[in-house]
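Read the structure below first, then the notes.
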Amino acid sequence: MSRRVRRKGAQSKDKGKANLHSYSEICHVSSSSEKVEVDWTSLPDDTVVQLFSCLNYRDRASLSSTCRTWRALGSSPCLWNSLDLRAHKCDAATAASLAPRCAKLQKLRFRGAESANAIMHLQARGLREISGDFCREITDATLSVMAAKHEALESIQLGPDFCDRISSDAIKAVALCCPMLKRLRLSGVRDIDADAINALARHCRQLAEIGFVDCVSVDELALGNVVSVRFLSVAGIRNIKWSSASQVWNKLPNLTGLDVSRTDVSPSALSRLLSSSQNLKVLCALNCPLIEEEGNYTACNHKGKLLLTLFNDIFKGVASLFADITNTERTLFSDWRNLKNGDKSLNEIMPWLEWILSHALLRIAETNPQGLDSFWLRQGAALLLRLIQSSQEDVQERAATALANFVVIDDENATVDCGRAEAVMQDGGIRLLLDLARSCREGLQSEAAKAIANLSVNAKVAKAVAEEGGINILADLARSRNRLVAEEAAGGLWNLSVGEEHKGAIAEAGGVKALVDLIFKWPSGGDGVLERAAGALANLAADDKCSMEVALAGGVHALVMLARSCKFEGVQEQAARALANLAAHGDSNSNNAAVGQEAGALEALVQLTCSHHEGVRQEAAGALWNLSFDDRNREAIAAAGGVEALVSLAQTCSNASQGLQERAAGALWGLSVSEANSAFFLLISIAIGREGGVAPLIALARSDAEDVHETAAGALWNLAFNPGNALRIVEEGGVPALVNLCSSSASKMARFMAALALAYMFDGRMDEVALIGSSSEGSSKSVSLDGARRMALKNIETFVRTFSDQQTFYAAAASSAPASLAQVAEAARIQEAGHLRCRFLLCLVLRLEGLLLCFGILPLSLKHVLLLLFSSLPSQVADMQCTMRAYCRRPVQLGSFVLLLHQQQLPLKRKSLQRLYFEILNTTMWRLPFEA
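In terms of the UniProt record's numbering, the sequence shown opens at residue 1 and continues consecutively.
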């Protein structure tokens with residue numbers, strides 16, 4: 001897979017006030033001039049404090065240890081009134097070390113159960129706000145102790161992921177321990193009973209906001225007892241009895257805002273709430289199926305109350321809350337934030353409204369229900385872009401996450417909705433997201449980078465990201481010490497590196513080095529960061545210049561390390577793909593040899609061909625295929641058990657993807673190359689036959705997919721050089737398969753190689769081995785070599801005739817006019833054969849010529865042979881000249897020599913003529929050195 005999008009999973013909400021990029025920029029500026037030396041200890045105190053405020057808590061603590069002055073400044077209360085523990089792992093020991101600085105801590109954000117348990121060691125008795133995510137493992141005991149240790153809490157927020165292990169018991173403990181509680185937001189609690197809600201009503205008299213979101217069960221009648229509540233959200237709860245709830249809730253004296261989004265609220269209950277609630281001003285009912293089916297609530301204002309649904313104009317509705325709107329409705333959120341003396345009631349409604357909109361749109365984007373294209377294009381994308389400009393950090397993060405999710409159609413196949421992605425771009429969203437990515441808050445950096453990554457799957461958006469400087473921003477974020485930030489940035493570089501347009505820019509921005517460093521920085525940091533780094537490097541390695549950058553940055557060692565030791569299949573797949581791409585440039589750089597020489601590389605790839613994951617097997621086989629073009633690699637692959645592994649892979653891939661089938665056949669093709677005429681390489685070819693490699697290759701040669709049968713034909717062609725393998729091909733029914741390819745494949749290259757395989761097989765080499773059989777037991781399947789030979793030779797002749805119209809060819813050959821010959825050659829050209837070496841192809845074409853002559857088939861002139869040769873080669877003049885000199889400097893014109901023998905009708909049997917021809921061919925053509 002060349003790109004990846006993310007929807008759910010590790011939603012990176014790491015705040016941690018760190019801007020290491022800013023700090024490194026300061027250092028870079030100071031070092032750019034050799035004559036300037038900065039005495040950091042002489043900086044003004046307020047500058048140092050501002051610098052500290054841009055760092056996360058770990059870097060802030062580390063920097064404080066450099067000197068006494070900075071230790072005092074680093075402990076300033078203004079730096080520790082809020083703390084975000086999400087950026088790094090926080091255990092009890094870490095919390096205890098931070099405790100001396102946290103005496104006046106007011107706000108705290110954490111992630112996961114371990115950090116939640118560590119909070120108690122901070123000894124922050126004056127803590128006012130707690131917000132946590134990834135809370136699935138947080139238990140009643142943890143929340144109860146958290147409340148007991150921090151009695152001054154005014155706000156508790158756990159979500160948006162579900163709190164599966166929290167029950168009503170913990171909520172009762174919160175009510176008893178936190179009498180000053182003003183806001184309680186919980187997501188995914190299984191059951192909230194009447195006792196818990198009544199405890200909140202009795203003990204928390206200032207509780208103004210309740211958010212029970214996506215809970216399984218909530219006692220709706222008990223909620224009517226919380227008379228202090230002003231803002232209530234029950235979004236995502238499906239079992240509320242709306243007839244009784246509407247009768248009770250409309251009596252709440254202070255209820256100003258109500259969120260019933262994603263519930264099964266009925267139209268009658270909605271009407272009752274709108275008509276009977278005295279102080280209700282805003283009712284949010286986004287994505288409520290019964291309301292949308294009814295279709296009667298398209299107006300925003302109902303008896304002075306604002307109703308928000310997916311089918312009315314939300315911007316227009318929110319604008320109705322303002323007495324005077326001087327600017328456009330689309331700017332009302334920013335206009336409200338800029339108001340200095342706003343309405344007090346409005347200043348309470350708008351932050352809550354931002355929060356419920358961000359949460360509702362995130363949930364809708366995650367589930368991505370059908371039929372909402374119009375909503376997203378008309379106003380949904382614009383709403384999210386306004387919300388990422390909120391002054392509330394959690395609203396910004398959720399809006400950015402929703403932007404990352406709502407464009408994704410299929411996250412498995414990395415497919416995005418082009419219309420939605422381009423709507424974000426056209427509304428200025430790319431610049432807003434890049435600005436967010438440059439924030440000093442790591443949670444925003446992570447979510448913005450994720451959104452940019454997903455949007456960049458669209459080519460137009462990717463171009464806009466590059467033009468706005470996004471590649472440099474993502475390369476900087478990939479160097480972050482926050483793993484989740486670096487992970488999302490690597491994902492962005494992965495998607496931007498698809499195609500050729502942005503690879504050079506990524507390399508120039510230092511992206512290659514940053515990606516390689518990620519692998520060394522977090523070798524066991526989880527599959528996310530490693531898969532994205534390896535995937536991006538795989539895309540970059542497809543470019544010749546960038547592949548050299550990858551190698552110079554230590555990428556070969558890093559990728560081999562992943563292939564050898566990483567247990568995540570996604571990482572293994574991308575590491576193997578990256579190694580395959582690095583090895584694909586054997587003719588232009590030394591990466592192929594470098595990969596083969598890296599300790600454990602070939603052994604790891606061979607082992608990966610046995611993986612249970614099809615993608616891993618496919619990419620590992622592809623890497624071995626590319627590596628097998630190097631003679632030393634070919635020998636090492638065989639020594640590492642590659643023959644057995646690849647034959648087994650070919651035998652088991654009949655029902656696999658075409659990509660796996662092609663690579664399995666291709667790897668066997670590469671291993672079976674005998675161009676060097678080395679005894680060891682011939683032994684590899686023999687081993688492939690003995691291990692049972694012939695039969696699966698014949699099966700793949702019958703495939704309808706051109707890439708598959710073309711590659712299988714190439715492997716059979718190489719194997720046919722050995723007489724035993726040639727006979728095996730005949731015994732296993734390979735002749736009909738090759739004949740079919742030779743006559744009917746749409747691929748010229750497949751037809752060409754099938755013809756060559758047949759030519760090898762029936763040049764007389766099988767005659768002796770056929771007497772004893774191909775198997776080690778000395779038995780052979782009953783086959784008719786004469787019948788197979790006649791079938792093969794007939795189709796070879798037909799194949800040669802198809803390269804051009806005979807009349808046109810002979811006219812061109814007789815005239816020797818360059819233009820005529822060029823026209824005929826162009827018609828016969830096999831573009832795919834360009835990677836074959838001139839000497840090797842020349843031998844093969846001569847073999848075809850001699851074979852046809854020896855068996856009395858229509859003789860071909862020397863010009864026709866050369867024409868066929870040139871039609872199979874690239875159009876470079878140097879290659880043609882090299883081949884012509886190599887052919888013409890022979891002491892004997894081999895084709896003409898055989899033709900002469902045939903025409904003079906010397907007393908030679910046909911079999912003797914065949915042997916004579918191939919003896920000359922093997923002793924002269926194969927061993928004579930060639931010079932360009």
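Think of the CB as a built atom: it goes at the ideal place given N, C-alpha and C, for glycine as much as any other residue.
All figures in this text were calculated on a predicted structure; none of them were measured in a lab.
Minimum C-alpha distance to residue i - residue among the options
i	options	result
Leu741	Cys566, Ala755, Ile409 and Ser115	Ala755
Ala701	Leu223, Trp669, Ser261 and His502	Trp669
Cys610	His203, Asp630 and Thr652	Thr652
Val647	Gly693, Val673 and Ala95	Gly693
residue 937	Ile506, Ala665 and Ser446	This structure leaves residue 937 out entirely; the chain is present only between 1 and 932.
Ala620	Val571, Gly469 and Ala594	Val571
Gly429	Ile388, Glu501 and Ala720	Ile388
Val739	Asn722, Glu731 and Ala757	Ala757
Ala147	Asn718, Thr47, Ile130 and Leu530	Ile130
Asn795	Val735, Gly764, Pro369 and Ser747	Val735
residue 969	Glu569, Leu552 and Ser565	This structure does not reach residue 969, given that the chain is present from 1 up to 932, and the question cannot be answered.
Asp191	Lys104, Arg230, Thr47 and Ile166	Ile166
Ser654	Gly642, Val673 and Ile698	Ile698
Asn633	Lys172, Leu605 and Ser657	Leu605
Asn581	Leu537, Gly600 and Phe568	Leu537
Phe375	Ser745, Asp517, Ala423 and Asn718	Ala423
Ala478	Glu468, Gly510, Val465 and Gly504	Gly510
Pairwise C-alpha distance: residue j and residue i
i	j	result
Ala584	Met548	12 Å
Pro267	His150	43 Å
Asp373	Glu366	14 Å
Gly615	Asn56	39 Å
Asp45	Leu108	26 Å
Leu608	Glu412	22 Å
Ala636	His502	36 Å
Leu602	Phe162	45 Å
Leu470	Asp630	First, the amino acid is wrong: residue 470 is Gly here, not Leu. About 39 Å.
Ala695	Glu573	27 Å
Ala541	Leu496	13 Å
Cys420	Val407	Contrary to the premise, residue 420 reads as Arg rather than Cys in this sequence. In a straight line, the C-alpha of Arg420 is about 6 Å away from that of Val407.
Ala235	Ala360	8 Å
Ile349	Trp336	11 Å
Pro369	Val457	21 Å
Ala99	Ala124	7 Å
Arg330	Ala665	58 Å
Val730	Gly659	27 Å
Gly317	Arg378	15 Å
Gly159	Arg262	17 Å
Leu793	Ala705	25 Å
Met120	Ala103	13 Å
Anticipated Cβ contact below 8 Å, residue i with residue j, distance rounded
i	j	result
Val218	Ala201	Not really, about 14 Å apart at Cβ, beyond 8 Å.
Gly224	Leu186	So it is not a contact: roughly 19 Å between Cβ atoms.
Arg431	Gly491	Between Gly491 and Arg431 the Cβ distance is about 20 Å, and since that is not below 8 Å, they are no contact.
Ala194	Ala222	4 Å
Cys284	Val248	That belief does not hold up - the Cβ atoms of Cys284 and Val248 are roughly 19 Å apart, past 8 Å.
Met761	Ala737	Not confirmed; about 12 Å, so no contact.
His709	Ser744	Not a contact, Cβ separation roughly 10 Å.
Ala475	Leu403	So it is not a contact: roughly 21 Å between Cβ atoms.
Gln392	Leu444	Not really, about 11 Å apart at Cβ, beyond 8 Å.
Beta bridge counterpart(s) of residue i as assigned by DSSP
i	result
Lys305	His302
Cys284	Asp259 and Leu308
Arg111	Asp133
Thr415	Asp410
Ser82	Lys107
Query raised in the report: Which whole runs of the beta strand (DSSP E) in the segment 455-517 are 3 residues long or more, in chain order?
Result: Complete beta strand (DSSP E) runs here, min 3: none at all.
Requested in this report: List in chain order: all unbroken alpha helix (DSSP H) runs of 4+ residues lying wholly within the segment 716-758.
Outcome: Within the segment 716-758, the alpha helix (DSSP H) runs of at least 4 residues that lie entirely inside it are, in chain order, 723-731 and 734-744.
Report task. Go through the segment 141-175 residue by residue and report every complete run of the alpha helix (DSSP H) that reaches 4 residues or more, in order. Result -> For the segment 141-175, not a single whole alpha helix (DSSP H) run of length 4 or above is found.
Query raised in the report: Can you give, in chain order, each stretch of the alpha helix (DSSP H) that sits fully within the segment 168-250 and has at least 4 residues?
Result: Those alpha helix (DSSP H) runs which fall completely within the segment 168-250 and span 4+ residues are 168-177, 194-203, 220-223 and 242-249.
**Report entry** alpha helix (DSSP H) runs contained entirely in the UniProt repeat "ARM" (641-677), provided each spans 4 or more residues
**Finding:** Secondary structure within the UniProt repeat "ARM" (641-677): the alpha helix (DSSP H) runs of 4 or more consecutive residues, fully enclosed, are 642-651 and 658-671 (chain order).
Query - 4-residue-minimum alpha helix (DSSP H) runs that sit fully inside the segment 533-570, ordered along the chain - result: Whole alpha helix (DSSP H) segments, 4+ residues: 544-552 and 555-565.
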